[in-house]
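A.B. asks: Residue numbers (the working numbering): 10 to 310. Heads up, the beta-carbon is just placed ideally off N, CA and C, and yes, glycines get one too. Shown below is the structure under consideration.
What follows is the structure, encoded as structure tokens:
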């Protein structure tokens, strides 16, 4: 009874008890699938057949596979370009929504719509917008006389790459904007008042006040943005299925195509495993970026 009483009065023990259910769920639904997928990547397993250990053969094959190389390029290009655009546009939108605008609450709610709409539904809408025969974008440009024929958004490799990036940016901007807006709300107006008294221009206030104080939030938000973009699957799968000519295949869609549709379960698992180092690199970049700045009161430099 004394031990039980001590445990009940211990904040650490109580905290561990509350964390235990979440830890069990993570272990079952995250750690186990990740471990199983990594194991399959080192076997020759196929759908409906247990595999045998073959070591690094899958990874050796993928290193020389032109489609996998193209998918890696597509994934990096897609992630870098989309993440930069989402950051720039999201920060601009956050700064705009942080002002004292009329109907400010209404506009903040409207901004969230692209984020809360299901990804598959958004992808279907963009599929119609990009349709080679019925595209509203091509129709408008034709009416203005800026083009003389409809644009093949999803049939040309580079057009398809930029079209999928545009769809991802449209969907991802709200997350970046609202998260950065929350960070802007924590910055005390006294900093801006003091800098204005010292004669700082709006650009100098943004550069020397807003960005430094917002940098920890930016690091966290952009880490999540990069992770979401790098592992994107639904948007690409609905829009292009990796086409044309594998021009929009990402690592996630290629892993699904090889592992599930193609039946080469081990090969698909190996492709998915190859994504892990890039994801860890993004997380570590954010972590060390945060460690260099004491953004919490009493934090270490």
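Taking three-plus beta-carbon pairs below 8 Å as touching, is the segment 248 to 257 in contact with the segment 165 to 178?
C.D. replies: Contact between the segment 248 to 257 and the segment 165 to 178 is present, because at least three Cβ pairs lie under 8 Å.
A.B. asks: Under three-state DSSP, which class holds residue 40?
C.D. replies: DSSP places residue 40 in helix when its eight states are reduced to three.
A.B. asks: Going by CA-CA distance only, name the one from 220, 113, 56, 140 that's closest to residue 195.
C.D. replies: The candidate whose alpha carbon is nearest that of residue 195 is 220.
A.B. asks: Find the nearest neighbour of residue 262 within the set 43, 21, 81, 55, judged by alpha-carbon distance.
C.D. replies: Ranking the options by Cα distance to residue 262, first place goes to 81.
A.B. asks: Please determine, among 88, 56, 225, 98, the residue with the shortest C-alpha to C-alpha distance to residue 234.
C.D. replies: It is 88.
A.B. asks: Give the single residue among 182, 268, 225, 267 whose Cα lies nearest to the Cα of residue 101.
C.D. replies: That would be 182, whose Cα lies nearest to the Cα of residue 101.
A.B. asks: Rounding to the nearest angstrom, what Cα-Cα distance links residue 139 and residue 166 in this structure?
C.D. replies: Between residue 139 and residue 166, the C-alpha separation is close to 14 Å.
A.B. asks: Run through the segment 28 to 86 for me and flag every whole alpha helix (DSSP H) of 4 or more residues, listed as ranges in chain order.
C.D. replies: Listed in chain order, the complete alpha helix (DSSP H) runs (minimum 4 residues) inside the segment 28 to 86 are 41 to 49, 66 to 72.
A.B. asks: Measure how close the beta-carbons of residue 275 and residue 54 come, nearest whole angstrom, since I'm counting them as under 8 Å.
C.D. replies: Rounded, the Cβ-Cβ distance is 4 Å, consistent with contact.
A.B. asks: Using CA atoms only, rank isn't needed, just tell me which of 124, 189, 213, 237 is closest to residue 224.
C.D. replies: Nearest of 124, 189, 213, 237 to residue 224, Cα basis: 189.
A.B. asks: Starting from the C-beta of residue 286, find all residues in its chain whose C-beta is less than 8 Å away, skip the five residues before and the five after it, and write them out in chain order.
C.D. replies: If we look at residue 286 and ignore the five residues flanking it on each side, it has no Cβ neighbours.
A.B. asks: Going by alpha carbons, who is nearest to residue 280 out of 83, 255, 28, 67?
C.D. replies: When only C-alpha atoms are compared, the closest one is 67.
A.B. asks: Whole alpha helix (DSSP H) runs in the segment 180 to 208 with 4 or more residues, listed along the chain?
C.D. replies: Qualifying alpha helix (DSSP H) stretches, in chain order: 198 to 206.
A.B. asks: To the nearest angstrom, report how far apart residue 271 and residue 132 are at their CA atoms.
C.D. replies: Near 24 Å, if we compare the C-alpha coordinates of residue 132 and residue 271.
A.B. asks: Could you pull the start and end residues of the alpha helix (DSSP H) that residue 262 belongs to?
C.D. replies: Segment 260 to 265, the alpha helix (DSSP H) holding residue 262.
A.B. asks: With H, G and I counted as helix, E and B as strand and the rest as coil, what does DSSP make of residue 178?
C.D. replies: It is helical.
A.B. asks: Please report the residue range of the alpha helix (DSSP H) in which residue 160 lies.
C.D. replies: It is not in any alpha helix (DSSP H) - residue 160 carries neither H nor E in the DSSP assignment.
A.B. asks: Assess contact between the segment 90 to 97 and the segment 234 to 244, defined as three or more Cβ pairs (one per stretch) separated by less than 8 Å. Is contact present?
C.D. replies: Judged by Cβ distances under 8 Å, the segment 90 to 97 makes contact with the segment 234 to 244, as three or more pairs qualify.
A.B. asks: Residue 217: buried (16+ other C-beta within 10 angstroms of its C-beta) or exposed?
C.D. replies: Burial call: exposed.
A.B. asks: Count the other C-beta atoms from every protein chain shown that fall within 10 angstroms of the C-beta of residue 23, then say buried if there are 16 or more, exposed otherwise.
C.D. replies: By the neighbour-count rule (16 or more Cβ atoms within 10 Å), residue 23 is not buried but exposed.
A.B. asks: Return no unless some Cβ of chain B is closer than 8 Å to the Cβ of residue 213.
C.D. replies: In the structure shown, chain B cannot be found, because there is only a single protein chain.
A.B. asks: Going by the CB atoms, is the gap between residue 84 and residue 244 shorter than 8 Å?
C.D. replies: Not a contact, by the Cβ cut-off of 8 Å.
A.B. asks: Label residue 177 either buried or exposed according to how many other C-beta atoms from any shown protein chain fall within 10 Å of its C-beta, with 16 as the threshold for buried.
C.D. replies: Looking at its Cβ environment, which holds 16 or more other Cβ atoms inside 10 Å, residue 177 is buried.
A.B. asks: Between which two residues does the alpha helix (DSSP H) holding residue 238 run?
C.D. replies: That run of the alpha helix (DSSP H) goes 220 to 239.
A.B. asks: Quick one: Cα of residue 158 to Cα of residue 252, how far?
C.D. replies: Cα to Cα, the separation comes out at about 22 Å.
A.B. asks: How would you label residue 152, buried or exposed, when you count the other beta carbons within 10 angstroms and need 16 or more for buried?
C.D. replies: When all chains shown are included, residue 152 counts as exposed.
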